[in-house]
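To keep things clear, I will list the structure first and then write my remarks on it.
There are 2 protein chains.
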Amino acid sequence: MYRDSSGKTLEDYPRPSVAVDTAVLTVPPDEALSVLLVHNKEGWRLPGTFLHENERLADAVLRSLRQKAGVTGLAPRQLKVFDEPGRDDRGWVLSVAHVDAVPASRLDLTESDARLVPVDADELRGLPYGHGEIIEAAVAALRASYEEHPDPARLLQRPFTLRELRKLHEAVAGQPLARDTFRRLMEPQLSATGQMSTGRVGKPARLFWHE
Amino acid sequence: MYRDSSGKTLEDYPRPSVAVDTAVLTVPPDEALSVLLVHNKEGWRLPGTFLHENERLADAVLRSLRQKAGVTGLAPRQLKVFDEPGRDDRGWVLSVAHVDAVPASRLDLTESDARLVPVDADELRGLPYGHGEIIEAAVAALRASYEEHPDPARLLQRPFTLRELRKLHEAVAGQPLARDTFRRLMEPQLSATGQMSTGRVGKPARLFWHE
DNA sequence: CAAATAGTGTCTTTTAGACACTATTCG
DNA sequence: CGAATAGTGTCTAAAAGACACTATTTG
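Protein chains in written order, with my numbering: chain R, 15 to 225; chain F, 15 to 225.
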């Protein structure tokens, strides 16, 4: 047992509880970029949990998402630590905000108190515990990661046309993107599968994949 | 006192100790971008401290820097949380890494076990507790902030010539910068003071200030 | 055939980089 | 005067944006 110069151990000093809260972002088919909210006694909020003993923060995030949205296999990224004393009336609580993105098809919202809300909804401005601020930072982080790369969060699960990729980017960016500029930036980073899209109106498009 | 569904309070669950560690970056006159290290029983490391009860993380950073380098009035920025169990043999310790930048003239290294080390020194690669990784992230964050703006960390304390500003940017970037491109980017963001530099060889240069 | 979409080419504008030239000061 | 630095102009190359045109499919 480690003792400091006054003979005390770390356990003799007060310690905060540590929580994780996560903005899970997704793009449902033909819808806008949305964030996952869960319901508890106090209202709608980001999914979160308290850190267990000797658990990694990322593992606590995965545990909370498995329980609250039935989703697994994510790769959460830290955003920032919320440390205002008094922000949680249960006591001294630090919260480490995270962001992650997941294909909408992998979220199971059927039997849980969970739903998706578009990230520009007014409702999100008023969330307690700084959760609105977390969502803003999460959206900014996702937008930055999509700015230069085709699909860093792997939101597309199978080969896609340039149109499908552009529609995804437009949902993430929240604004339309020029077709030719988009193609010029993305095509060099993609590999053609050799197959073509079928079924819809218009000339069939090449299907691409990346990495 | 808040009690959960099993009647327990937050204090009944195990909690980690929380520390802060800070990479303090500076550019001494005519030297390279450097980081502040302090000495303790185990060797050289980044300055840090344990978070006190109900203290803000930024305040813990300021407290540790006041004690260990006699510097005040900084504005620390969070980088990331280190959470590997077992990273600290004193027990379960989370560490929140921070970065800050300060004019070299404001550091008091005379009577403390502290020194400045250039950020590209091999010695920094081997620091324990992920401190080498913190320094890399801190340098990247500082470089990103100087990429587009004249002096976001206020490392220049009085009016400066474009040459002085460029030398600062070259120290931060770790590489030479083209004179004309640099001027084209920075001059629109500066205000001329109307005064000129004196004393050195060459044509006197205009002195600028910003904000 | 009309509408919709894919694929490609080209022109213009903007920006970044390279370089050249003149101006002013110190030693 | 010569070296060093400031200030400005200009040419070129690269990138971004706008637009036009052809090709191929569905209904």
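Glycine included, C-beta positions come from ideal geometry on N, C-alpha and C.
Leaving aside the five residues before and after residue i along the sequence, list all residues of the same chain whose C-beta is less than 6 Å from its C-beta, in chain order.
| i | result |
| --- | --- |
| Pro132 of chain F | Ala46, Ser48 |
| Pro42 of chain F | Ala118 |
| Gln81 of chain R | none |
| Pro30 of chain R | Trp106, Leu108 |
| Val153 of chain F | Val133 |
| Gln209 of chain R | Leu221 |
| Ala72 of chain F | Pro90 |
| Arg104 of chain R | none |
| Pro28 of chain R | none |
Which residue comes first and which comes last in the alpha helix (DSSP H) that contains residue i?
| i | result |
| --- | --- |
| His183 of chain R | 176 to 187 |
| Ser78 of chain R | 71 to 83 |
| Leu199 of chain R | 193 to 200 |
Kindly identify the DSSP beta-bridge partner or partners of residue i.
| i | result |
| --- | --- |
| Pro90 of chain F | According to DSSP, which records beta bridges pairwise, Pro90 of chain F is partnered with nothing at all. |
| His145 of chain F | According to DSSP, which records beta bridges pairwise, His145 of chain F is partnered with nothing at all. |
| Val34 of chain R | R:Thr63, R:Val110 |
| Arg129 of chain F | F:Leu51 |
| Leu39 of chain R | R:Val49, R:Ala115 |
| Ala158 of chain R | Answer is none; Ala158 of chain R lacks a bridge partner. |
| Val95 of chain R | R:Val110 |
| Gly57 of chain R | R:Asn54 |
| Ala206 of chain F | F:Phe222 |
List, in chain order, every chain R residue whose beta-carbon is nearer than 9 Å to that of residue i.
| i | result |
| --- | --- |
| Ser159 of chain F | Here the premise fails: no neighbours, minimum Cβ distance about 15 Å. |
| Glu67 of chain F | Tyr27, Pro28, Arg29, Pro30, Pro99, Trp106 |
Quick test of your reading: residue i and residue j, contact by CB under 8 Å. State the CB separation rounded to the nearest angstrom.
| i | j | result |
| --- | --- | --- |
| Gln92 of chain F | Val110 of chain F | 6 Å |
| Ala33 of chain R | Thr63 of chain R | 7 Å |
| Thr40 of chain F | Val75 of chain F | The pair is not a contact, with the Cβ atoms about 16 Å apart (cut-off 8 Å). |
| Leu191 of chain F | Glu201 of chain F | At roughly 14 Å, the Cβ-Cβ gap does not stay under 8 Å, so Leu191 of chain F and Glu201 of chain F are not in contact. |
| Leu176 of chain F | Phe222 of chain F | 7 Å |
| Phe96 of chain F | Gly144 of chain F | 5 Å |
| Leu138 of chain R | Asp114 of chain R | 17 Å between Cβ atoms; not a contact. |
| Gln203 of chain R | Pro164 of chain R | 5 Å |
| Ala151 of chain R | Lys94 of chain R | 7 Å |
| Phe196 of chain R | Arg214 of chain R | Not quite, the Cβ-Cβ distance comes to about 19 Å (not below 8 Å), so this is no contact. |
| Asn68 of chain R | Pro99 of chain F | 4 Å |
| Ala187 of chain F | Arg157 of chain F | 6 Å |
| Leu170 of chain R | Glu178 of chain R | 7 Å |
Near residue i, which residues of its chain fall below 7 Å by C-beta distance, leaving aside the five closest residues on each side in sequence?
| i | result |
| --- | --- |
| Arg129 of chain R | Leu51, Leu123 |
| His66 of chain R | Ala74 |
| Asp127 of chain F | Val52, His53 |
| Leu141 of chain F | Arg59 |
| Ile149 of chain R | Ala37, Val49, Val133, Leu138 |
| Arg77 of chain F | Thr63 |
Show which residues of chain R have a CB atom less than 8 Å away from the CB atom of residue i.
| i | result |
| --- | --- |
| Gln92 of chain F | Lys94, Val95 |
| Arg70 of chain F | Asp97, Glu98, Pro99 |
| Arg29 of chain F | Arg29, Pro30, Ser31, Val32 |
Just curious, the beta strand (DSSP E) that residue i is in, first and last residue?
| i | result |
| --- | --- |
| Thr230 of chain F | The requested residue 230 of chain F does not occur in the structure, where chain F is confined to residues 15 to 225. |
| Leu221 of chain F | 220 to 223 |
Say the cut is 6 Å; is the CB of residue i nearer than that to a heavy atom of the ligand NAD?
| i | result |
| --- | --- |
| Ala37 of chain F | Looking for the ligand NAD in the displayed structure turns up nothing, as the structure carries no ligands at all. |
Which residues in chain R sit within 7 Å of residue i, going by Cβ to Cβ distance?
| i | result |
| --- | --- |
| Leu108 of chain F | Val32 |
Here's a check: name, in chain order, each residue in its chain whose Cβ is nearer than 8 Å to the Cβ of residue i, leaving out the five neighbours to either side.
| i | result |
| --- | --- |
| Val85 of chain F | Val38, Leu79, Val116, Arg120, Leu121, Asp122 |
| Glu56 of chain R | Pro142 |
| Pro173 of chain R | Thr207, Gln209, Leu221, Phe222, Trp223 |
| Thr212 of chain F | Pro218 |
| Ser159 of chain F | Pro166, Ala167 |
| Ser205 of chain R | Phe222, Trp223, His224 |
Quick one: which chain F residues come within Cβ less than 7 Å of residue i?
| i | result |
| --- | --- |
| Phe64 of chain R | Tyr27 |
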